[in-house]
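In what follows, a structure is listed as structure tokens, so that the remarks can point back to it.
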């Protein structure tokens with residue numbers, strides 16, 4: 001039994017918290033990979049997390065913890081650089097984020113307007129604004145769905161090519 | 162990197178790749194884990210794993226899971242990497258060529274080699 005293996009067996013509570021955090025970062029990074037690769041990579045990198053956390057060359061706990069988190073966080077870079085992976089197409093963050101952002105922004109903006117309308121005590125205006133927000137919400141939803149459908153069609157075309 | 166003379170099969174030779182190959186060549190028969198390679202070559206995980214994936218794709222590196230150990234204290238198995246026979250020969254040859262090319266580019270050198278297109282020098 002090596003010193004590192006003994007250290008693994010004697011992991012403290014703080015170590016386990018760091019491990020959990022780092023494992024979550026690895027899992028989040030691996031979400032961008034297609035399935036067979038995802039499981040393989042997640043298993044490999046989660047197993048390696050014990051390396052920096054029990055590294056006898058790193059004397060201070062904070063340095064070991066930092067090295068562990070850094071190891072996990074840097075896998076985001078690995079995902080984008082792995083040969084043959086189309087990580088951006090799997091999750092499509094640039095498309096998914098505005099899809100959520102638009103309705104949420106519309107809802108928040110509508111809420112602010114409704115609150116202002118309530119403050120100036122104009123019930124009729126408040127009702128109108130509420131209806132307006134609902135319409136904006138619906139338009140945003142239709143817009144996002146249409147765009148997603150169009151981009152999915154484009155994505156498949158590119159993949160096929 | 163303006164020094165673009167050596168190519169390791171389909172993998173571009175860089176200073177970081179040079180360091181990783183040197184770690185492997187210290188003992189070509191030894192299996193190395195990811196973190197061990199990172200430490201020895203002084204590189205980050207985001208640099209190492211894409212490099213290993215490319216080397217594996219070229220057939221220069223093989224990988225395998227370590228056998229399950231009861232004494233590991235609940236640690237999941239790790240994956241080790243090792244140069245193949247072809248990988249050892251190619252790495253030695255390319256490292257020698259890379260060192261030679263780098264020497265040729267050092268100031269005061271008499272060799273006349275042109276930098277890669279688009280280089281800053």
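Residue numbers (our numbering), protein chains in the order written: chain U, 1 to 161; chain R, 162 to 282. Cβ coordinates follow ideal geometry from the N, Cα and C atoms, glycine included.
Check                                                                                                                                   : Outcome
Near-chain R residues of the stretch 31–56 of chain U - C-beta to any C-beta below 9 angstroms                                          : 40, 41, 43, 44, 45, 46, 47, 48, 49, 50, 51, 52, 54, 55
Assigned exposure category for residue 42 of chain U - 16 Cβ within 10 Å defines buried                                                 : buried
Short CB-CB distance (under 9 angstroms) between residue 78 of chain U and chain R                                                      : yes
Within-9 angstroms CB hit, residue 208 of chain R to chain U                                                                            : yes
C-alpha gap between residue 210 of chain R and residue 265 of chain R, whole angstroms                                                  : 30 angstroms
DSSP-derived helix/strand/coil call for residue 60 of chain U                                                                           : coil
Any C-beta of chain U under 9 angstroms from that of residue 199 of chain R                                                             : yes
Stretch pair the stretch 212–228 of chain R + the stretch 246–253 of chain R: three plus CB contacts closer than 8 angstroms            : yes
Any C-beta of chain U under 9 angstroms from that of residue 240 of chain R                                                             : yes
Own chain partners of residue 227 of chain R with C-beta closer than 7 angstroms, once the 5 adjacent residues on each side are dropped : 238, 239, 241
Buried or exposed by the 16-neighbour rule on C-beta atoms within 10 Å, applied to residue 52 of chain U                                : buried
Among U:33, U:59, U:32, U:50, nearest to residue 21 of chain U - alpha-carbon criterion                                                 : U:50
Opposing strand residues paired with residue 193 of chain R [DSSP bridges]                                                              : R:242
Sufficient close CB pairs (3 or more, under 8 angstroms) joining the stretch 51–71 of chain U to the stretch 17–34 of chain U           : yes
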